[in-house]
Structures are given as structure tokens and as C-alpha cells.
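Residue numbers for the sequence shown follow the numbering used here, beginning at 168 and rising by one. What follows is a single structure, written as C-alpha cells, with notes after it.
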Amino acid sequence: MAYSFGSYGSGSLRFRYRRWNQATWSSTTWTSASGSGTYSYNLTGLLPGTTYYFYAQLRYDSNIISGATLSFQTLP
168 MAYSFGSYGS
178 GSLRFRYRRW
188 NQATWSSTTW
198 TSASGSGTYS
208 YNLTGLLPGT
218 TYYFYAQLRY
228 DSNIISGATL
238 SFQTLP
């Protein structure tokens with residue numbers, strides 16, 4: 168994902184994800200970042216041939232901004 172902290176300068180980033188048929192979201196750990204750039208995370212332990220939903224979060228000060236929910240499917 169591309170990110171920009173704008174005038175805030177720095178903060179933290181993470182992804183939240185879940186299987187299509189689960190209600191509970193899992194989270195990656197918060198990762199410190201500054202300025203602008205790109206962020207990615209390699210998930211392990213995902214089930215083959217399964218649809219997952221995910222969204223990114225950006226945290227600065229006490230604010231958390233969530234991106235749009237997107238989906239992907241793992242290979243069979």
C-alpha cells in the first residue's frame with residue numbers, strides 16, 4: 168500500500184485481515200514509518216483456495232485511519 172503521514176511526519180502502519188466466512192479480524196503488528204512510501208507484509212499460514220478480506224490502518228497520535236476493505240484469494 169502507499170502511505171503518507173503528511174504534516175504529522177510519522178506514525179505506525181498495519182494490516183487487518185480475515186477469512187471470508189469469519190467475523191473476527193486478525194492484525195499484523197504495528198510498524199513504525201515516517202514521511203511517505205509503500206508498505207507490504209507477507210502473511211503466512213493462510214489456507215489454500217480461500218478468499219480473504221483485508222484493509223490497512225495508519226496510526227498517528229491517538230488517531231487511527233482505516234482504508235477500504237479489499238479481497239484476495241490464495242492459490243489452490
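Note that beta-carbon positions come from the ideal geometry of N, C-alpha and C, so glycine has one too. None of the values given here were measured: they were computed from a predicted structure.
Worksheet item: Which residue comes first and which comes last in the beta strand (DSSP E) that contains N230?
Response: N230 to S233
Worksheet item: Rounded to whole angstroms, how far is the Cβ of T195 from the Cβ of Y208, which I believe are closer than 8 Å?
Response: 5 Å
Worksheet item: Helix, strand or coil for Y208 per DSSP?
Response: coil
Discussion item. Applying the 10 Å Cβ sphere with the 16-neighbour rule, what's the burial state of Y184?
Written reply: buried
Worksheet item: Count the other CB atoms within 10 Å of the CB of A223; is the residue buried (16 or more) or exposed (fewer)?
Response: buried
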